[in-house]
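Order-wise, the sequence lines are chains Z and Y.
Final position of the first sequence in our numbering is 197; the numbers increase by one with none missing.
Final position of the second sequence in our numbering is 651; the numbers increase by one with none missing.
Even glycine gets a Cβ: it sits at the ideal position worked out from N, Cα and C.
Note that this is a predicted model, so its numbers are computed, not measured.
Before any comments, here is the structure.
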Amino acid sequence: LFHHAGVRSAALICSLLWLGGLPALPTQEASLEIADLSGAIHHPLDPQGKKGSVLIFYCHDCPICDSYVPEINRLSSRCTNFSFYVVEIDPDWTVAQAQAHAREFGLRPPMLLDAGHRLVARARATATPEAVVFGPQEQILYRGRIDDAYASLNQRRPAAAQHDLREALDTIAAGQRVTNEPPAIGCWIPVAGSRK
Amino acid sequence: MKRSLWFLAAIWSLALPGRAASNPPAPAPVTFNKEIAPIIYNRCAPCHHRGESTPFDLITYAQVAKRARQIVDVTALGYMPPWPPQSGGGYPALAGDRRLSDAELSLIRRWVSDGAIEGAPADLPPAPQWSGEWQLGPPDLIVEMQRTYNLPAEGKDVYRCFVIPSPVTERRYVRAIEFRPETRAAHHVFIKTDQTRQTRLLDASQPEAGFPGLAAPSAVKPVGQFLTWQPGKRACVSPAEMPWILQPGTDLVLEAHLRPTGKMEPIRFKVGLYFTNRPPERTAFTVLLASLGIDIPAGASHFAVDSSFQLPVGCEVLGVLPHCHFLGREVEGHAELPDGARIPLLSITNWDFNWQGDYRFQTPVPLPPGAVLHMQITYDNSTNNPRNPNSPPRRVRYGLQSTDEMAELSFLVLPERAEDEKILETAYVRHVAQTVALHDEQEVREHPNDAALRLNLGNIRLAQGRIAEAQQEIERAIELDPNLALAHYYAGVIARLQNRLPDAERELQISVRLNPADGKAWGNLGLVQIGLQNFSAARQSLQRALDINPSDTIARRMLDQLPK
Numbered sequence: 002l003f004h005h006a007g008v009r010s011a012a013l014i015c016s017l018l019w020l021g022g023l024p025a026l027p028t029q030e031a032s033l034e035i036a037d038l039s040g041a042i043h044h045p046l047d048p049q050g051k052k053g054s055v056l057i058f059y060c061h062d063c064p065i066c067d068s069y070v071p072e073i074n075r076l077s078s079r080c081t082n083f084s085f086y087v088v089e090i091d092p093d094w095t096v097a098q099a100q101a102h103a104r105e106f107g108l109r110p111p112m113l114l115d116a117g118h119r120l121v122a123r124a125r126a127t128a129t130p131e132a133v134v135f136g137p138q139e140q141i142l143y144r145g146r147i148d149d150a151y152a153s154l155n156q157r158r159p160a161a162a163q164h165d166l167r168e169a170l171d172t173i174a175a176g177q178r179v180t181n182e183p184p185a186i187g188c189w190i191p192v193a194g195s196r197k
Numbered sequence: 088m089k090r091s092l093w094f095l096a097a098i099w100s101l102a103l104p105g106r107a108a109s110n111p112p113a114p115a116p117v118t119f120n121k122e123i124a125p126i127i128y129n130r131c132a133p134c135h136h137r138g139e140s141t142p143f144d145l146i147t148y149a150q151v152a153k154r155a156r157q158i159v160d161v162t163a164l165g166y167m168p169p170w171p172p173q174s175g176g177g178y179p180a181l182a183g184d185r186r187l188s189d190a191e192l193s194l195i196r197r198w199v200s201d202g203a204i205e206g207a208p209a210d211l212p213p214a215p216q217w218s219g220e221w222q223l224g225p226p227d228l229i230v231e232m233q234r235t236y237n238l239p240a241e242g243k244d245v246y247r248c249f250v251i252p253s254p255v256t257e258r259r260y261v262r263a264i265e266f267r268p269e270t271r272a273a274h275h276v277f278i279k280t281d282q283t284r285q286t287r288l289l290d291a292s293q294p295e296a297g298f299p300g301l302a303a304p305s306a307v308k309p310v311g312q313f314l315t316w317q318p319g320k321r322a323c324v325s326p327a328e329m330p331w332i333l334q335p336g337t338d339l340v341l342e343a344h345l346r347p348t349g350k351m352e353p354i355r356f357k358v359g360l361y362f363t364n365r366p367p368e369r370t371a372f373t374v375l376l377a378s379l380g381i382d383i384p385a386g387a388s389h390f391a392v393d394s395s396f397q398l399p400v401g402c403e404v405l406g407v408l409p410h411c412h413f414l415g416r417e418v419e420g421h422a423e424l425p426d427g428a429r430i431p432l433l434s435i436t437n438w439d440f441n442w443q444g445d446y447r448f449q450t451p452v453p454l455p456p457g458a459v460l461h462m463q464i465t466y467d468n469s470t471n472n473p474r475n476p477n478s479p480p481r482r483v484r485y486g487l488q489s490t491d492e493m494a495e496l497s498f499l500v501l502p503e504r505a506e507d508e509k510i511l512e513t514a515y516v517r518h519v520a521q522t523v524a525l526h527d528e529q530e531v532r533e534h535p536n537d538a539a540l541r542l543n544l545g546n547i548r549l550a551q552g553r554i555a556e557a558q559q560e561i562e563r564a565i566e567l568d569p570n571l572a573l574a575h576y577y578a579g580v581i582a583r584l585q586n587r588l589p590d591a592e593r594e595l596q597i598s599v600r601l602n603p604a605d606g607k608a609w610g611n612l613g614l615v616q617i618g619l620q621n622f623s624a625a626r627q628s629l630q631r632a633l634d635i636n637p638s639d640t641i642a643r644r645m646l647d648q649l650p651k
């Protein structure tokens, strides 16, 4: 009897899955287009001739993100062979609020509001501040922390000793594969629409 | 995964309704409105609401659900709510305990794994309201830093002392004090007072507000009070019969730990004072157990120091204040009774310099005469300690800088009988002098030609009443460094004690020439000159003392009594 019921429910689930439709397959559509806070259009997944495109996933109320602004600015002005974008992940955050926050902290790379989490999904980003680097074929070359300044949420080192993103960019620029991708420490990115 | 199991269960019951009845009903899912909101309102929202220095609000379902996974993580880690001491397990209950119970932690976990459901609107209790920026309502007096300090956007943490002069013109009794950081950069603040004006002069000598360091040399805790702040701290309310006295001319000194936030932060702290007309009936006494002999080898992962003090009289312990720096790992305090019984008082197993403060017991802990207070602090000076300020680790010794270490556990005690206060004080002063003297002797043995160390030892010998030995050390200090103003000051004080007034006058003259800002040296010089019947010189010296510190009551009284 038990065995029977198991088969039945398995069959039921399968049919429900079919009803729900097939998972979307990747298509060769044009690179994702998104406007920054000033309205300028960017293709953040397409390095457009540069070595790669660096997306820093960011949330305005994550204090760890805020504390990284000077380092993000430094990296973006140092690594000019990469495009840098700061991706705000809070769906409730407005352009005006984001402008004010970016101005207050002096954030320099363009900020993109990712309310629909299209970039989050494409980069498979899970936390802020997570850095994801895309190559010319929109392939992911690095996903991880910026550096090791935080050993855990409540353990901040006196100074970062490992500059993982900076090293990853040097490795990518040298045409090599990045093998070390330590996870970012910060705030989880909420899964859109899952909380009702 | 969890959700698909639920789903299977649902299908099971649909397929076989007859059997489902014999199974125990599945527990109702945890909802925000029913189980979670009360926890959030009590434990999170008191800090996570508009106007506080927290990064976001946690009150509504939307605010909480958005951060559900983060909340599970930070609560499981014990990072939030920030509350380092152990609760339960024989430890006395602490006032303002914010720690989540195991049941609360488990509810939060279940809520999120059940899908972070909002629940029925009828279940939602009314949200708490906060009336304004001050927890205790409008203060009787609000004081504020007069200059702004601009904290850089990034870099190492900053330790800086700020001075706020208090404008009171008559003695006031302070029943409560509340600190408002007005910035997210403040991580912890100790509030002290200074009547000597020395801190104010130090502050004025700097181009920006405040001066660097963790400790202002002449600032002290108000007698019998711990006044500390860290994010989430409630106002410091003294027991009704134990307000503290704020004398006119007193400066408030804020020893602050500031953490860069990513943007330049203007620092302009505010303090609210709440007065009472009721003078203190009793004053608590601070027993500070400290170890000055800290010497932690590089790489040592488990290095412990301890200290103890026997209470000569029966006391109630009102609260505790632990302090060490970044290598600290565990702090433990207990009392051992004459019959051998052990009364646990404080245990912090994961010390975090960033979340330090004082803890008050909900009910004072009574201890009989002869009970021994103990403290033990354990350090991790290995690379496994991410907070280690030295990479690679190096030998770390006692010192006030954050890269040095300290080992302190203060107990706020109240003798059972007011007449026992003097006995306690005498025994304690003897204990402190012994502790310090042992340390200073060791230092002088290691560096026999260091004038400042000789001066320290001489100073403590003077406090121990061992005058001849004090004189010997001070004279040696002057030989080693004839320009040490304080050495001449103590030489003068010793000569005065020995009634060698001309010697005293000569030494104090040298002292004020080397450091004209030392009001106490001018005051002592004035007293010596009175003894020498040189009243016009005495008048000038006492006036200098008063110019430097208008609240020097001895100088004022002597000046008033001088023959015209």
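Residues near residue i by beta carbon distance below 6 Å, same chain, minus five either side
i                      : result
residue 26 of chain Z  : Model confidence at residue 26 of chain Z stands at a pLDDT of 45, short of 50, so the residue's coordinates are unreliable and nothing is read from them.
residue 134 of chain Z : 53, 55, 142 and 143
residue 527 of chain Y : 543, 544 and 547
Contacting residues, own chain, Cβ-Cβ under 8 Å from residue i (five flanking each side not counted)
i                      : result
residue 383 of chain Y : 390, 414, 466, 468, 482, 483, 484 and 492
residue 249 of chain Y : 232, 236, 290, 296, 297, 340, 341, 343, 354 and 356
residue 307 of chain Y : 279, 280 and 281
residue 654 of chain Y : Beyond the ends of chain Y as shown, which are 88 and 651, falls residue 654 of chain Y; an answer cannot be given.
residue 272 of chain Y : 238, 345, 346, 347, 348, 352 and 354
Below-7 Å beta-carbon distance, residue i vs any chain Y residue
i                      : result
residue 60 of chain Z  : no
residue 199 of chain Z : Here chain Z covers residues 2 to 197 and nothing more, so residue 199 of chain Z does not appear.
residue 70 of chain Z  : yes
residue 109 of chain Z : no
residue 67 of chain Z  : yes
residue 188 of chain Z : yes
residue 159 of chain Z : yes
residue 105 of chain Z : yes
residue 156 of chain Z : yes
Assumed close pair residue i, residue j - CB separation to whole angstroms, cut-off 8 Å
i                      : j                      : result
residue 58 of chain Z  : residue 131 of chain Z : 5 Å
residue 122 of chain Y : residue 198 of chain Y : 7 Å
residue 240 of chain Y : residue 71 of chain Z  : 5 Å
residue 399 of chain Y : residue 511 of chain Y : 6 Å
residue 479 of chain Y : residue 158 of chain Z : So it is not a contact: roughly 14 Å between Cβ atoms.
Alpha-carbon spacing of residue i relative to residue j, whole angstroms
i                      : j                      : result
residue 101 of chain Y : residue 112 of chain Y : Its pLDDT being 38, under 50, residue 101 of chain Y is placed unreliably by the model, and nothing is read from it.
residue 184 of chain Z : residue 83 of chain Z  : 21 Å
residue 336 of chain Y : residue 286 of chain Y : 13 Å
residue 649 of chain Y : residue 609 of chain Y : 16 Å
residue 284 of chain Y : residue 550 of chain Y : 23 Å
residue 654 of chain Y : residue 115 of chain Y : With chain Y running from 88 to 651 in the structure shown, residue 654 of chain Y is simply not present.
residue 149 of chain Z : residue 561 of chain Y : 50 Å
residue 450 of chain Y : residue 458 of chain Y : 18 Å
residue 188 of chain Z : residue 176 of chain Z : 32 Å
residue 628 of chain Y : residue 640 of chain Y : 14 Å
7 Å Cβ cutoff, residue i in contact with chain Z
i                      : result
residue 143 of chain Y : yes
residue 260 of chain Y : no
residue 156 of chain Y : yes
residue 243 of chain Y : yes
residue 163 of chain Y : no
residue 121 of chain Y : no
residue 349 of chain Y : yes
residue 578 of chain Y : no
residue 446 of chain Y : no
residue 515 of chain Y : no
Neighbourhood of residue i by C-beta, 7 Å cutoff - its chain only, sequence neighbours within 5 removed
i                      : result
residue 631 of chain Y : 609
residue 148 of chain Y : 119 and 205
residue 23 of chain Z  : Because the pLDDT of residue 23 of chain Z is 45, which lies under 50, any placement of that residue in the model is unreliable, and the number read from its coordinates should be weighed accordingly. There are no such residues.
residue 572 of chain Y : 598, 601, 602 and 605
Test: residue i CB closer than 7 Å to a CB of chain B
i                     : result
residue 64 of chain Z : Absence of chain B from the displayed structure is noted, the protein chains being Z and Y.
For this session: Taking 8 Å as the threshold, find out whether the segment 365-379 of chain Y comes into contact with the segment 306-313 of chain Y through three or more Cβ pairs.
Result: yes
Exercise. Is the segment 231-248 of chain Y touching the segment 342-353 of chain Y, taking contact as three or more C-beta pairs under 8 Å?
Worked result: yes
Exercise. Quick one: any contact between the segment 411-425 of chain Y and the segment 511-518 of chain Y, if contact means 3 or more CB pairs under 8 Å?
Worked result: no
For this session: Taking 8 Å as the threshold, find out whether the segment 182-190 of chain Y comes into contact with the segment 158-172 of chain Y through three or more Cβ pairs.
Result: yes
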